[in-house]
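Going by our numbering, the first residue of the sequence shown is number 626, and it counts up by one from there. C-beta atoms are modelled at their ideal positions from N, C-alpha and C, and glycine is treated no differently. On a predicted model such as this, the values are computed, not experimentally measured, just so you know. The next block holds one structure in the form of structure tokens; read it before the comments.
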Amino acid sequence: MSLSVISTGIAIASYWRARSNQTYDYAARLQLENESIQGGSGPEAFHYSADLVNVGIKPVEIRNIFIDYGGQSEGTYYKFNVEGLFHLPPNGKRSVGFSISREDYEDVLTKFGVQQCLFRLRVCFANATGGNVEATRNLMGLGPSETTFYAQRGDAIV
Numbered sequence: 626m627s628l629s630v631i632s633t634g635i636a637i638a639s640y641w642r643a644r645s646n647q648t649y650d651y652a653a654r655l656q657l658e659n660e661s662i663q664g665g666s667g668p669e670a671f672h673y674s675a676d677l678v679n680v681g682i683k684p685v686e687i688r689n690i691f692i693d694y695g696g697q698s699e700g701t702y703y704k705f706n707v708e709g710l711f712h713l714p715p716n717g718k719r720s721v722g723f724s725i726s727r728e729d730y731e732d733v734l735t736k737f738g739v740q741q742c743l744f745r746l747r748v749c750f751a752n753a754t755g756g757n758v759e760a761t762r763n764l765m766g767l768g769p770s771e772t773t774f775y776a777q778r779g780d781a782i783v
């Protein structure tokens with residue numbers, strides 16, 4: 626009887642260990658390559674481009690890619706949908722690009738009453754269990770008298 630209980634305990638522990646390892650192995654691994662962030666003077670107040678790369682072993686369902694720009698709090702920024710639903714295979718790349726004109730940038734400052742227009746990249750994707758995950762990366766803060774570049778550590782989004 627005690628041997629049966631011990632073997633059942635070992636089987637349950639092995640199941641949970643294998644399940645957590647599998648979830649880790651199948652986790653989405655997204656990163657950015659060839660990232661370019663430009664802001665300041667000229668006809669375009671802000672320009673962003675990058676390649677989104679899946680460095681994981683499984684395809685990733687990307688649900689949306691947004692560039693949020695405007696203020697920091699909800700309701701004080703626009704959510705610009707750059708890309709809709711698509712699947713990114715292992716080692717697959719997808720180019721992402723966004724530009725905002727000087728006129729639209731100035732309209733954002735006026736409409737939301739902000740001193741600095743913040744730009745954020747937001748990627749929404751499905752995790753290994755099908756749940757929704759949002760990864761946000763601050764890109765730049767652009768104001769009439771100052772510009773803030775956000776230092777990023779590495780290329781990984783998740």
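Could you tell me whether any Cβ in chain B is nearer than 8 Å to the Cβ of residue i?
i      : result
GLN656 : Within the model displayed, chain B is absent; a lone protein chain is all it includes.
Please tell me whether residue i and residue j are closer than 8 Å, where the distance is taken between their beta carbons.
i      : j      : result
ILE725 : ALA760 : no
GLY695 : GLN740 : no
ASP676 : ASN689 : no
ARG745 : LEU764 : yes
LEU713 : VAL685 : yes
THR743 : GLN697 : Reading off the sequence shown, one finds Leu at residue 743, where the question assumed Thr. Yes.
PHE723 : PHE750 : no
Can you tell me which of the three DSSP states residue i falls into?
i      : result
TYR649 : Reliability fails at TYR649, whose pLDDT of 47 lies under 50, so the model's placement of it is uncertain and no value is given.
GLU660 : strand
THR701 : coil
VAL733 : helix
ILE635 : helix
ARG727 : helix
SER629 : helix
GLU771 : coil
ALA776 : coil
LEU710 : coil
VAL748 : strand
GLY665 : coil
ASN757 : strand
GLY766 : strand
VAL739 : coil
By a C-beta neighbour count over all protein chains shown, 10 Å radius and 16 as the cutoff for buried, is residue i buried or exposed?
i      : result
TYR673 : buried
ALA653 : buried
ASP664 : Checking the sequence shown, residue 664 turns out to be Gly, not Asp. With 16 or more Cβ atoms within 10 Å of its Cβ, GLY664 is classed as buried.
GLU771 : exposed
TYR775 : exposed
ILE784 : Residue 784 falls outside the range modelled here, since the chain spans only 626 to 783, and no answer is possible.
GLY667 : exposed
GLY756 : exposed
GLY700 : exposed
GLY738 : exposed
My understanding is that residue i touches residue j, with C-beta atoms under 8 Å, so please give their C-beta distance in whole angstroms.
i      : j      : result
ILE682 : PRO715 : 6 Å
ASN679 : LEU655 : 6 Å
Please go through the stretch 667-691 and give each complete beta strand (DSSP E) segment of 3 or more residues, from N-terminal end onward. Listed in chain order, the beta strand (DSSP E) elements of length 3 or more contained wholly in the stretch 667-691 are 669-679.
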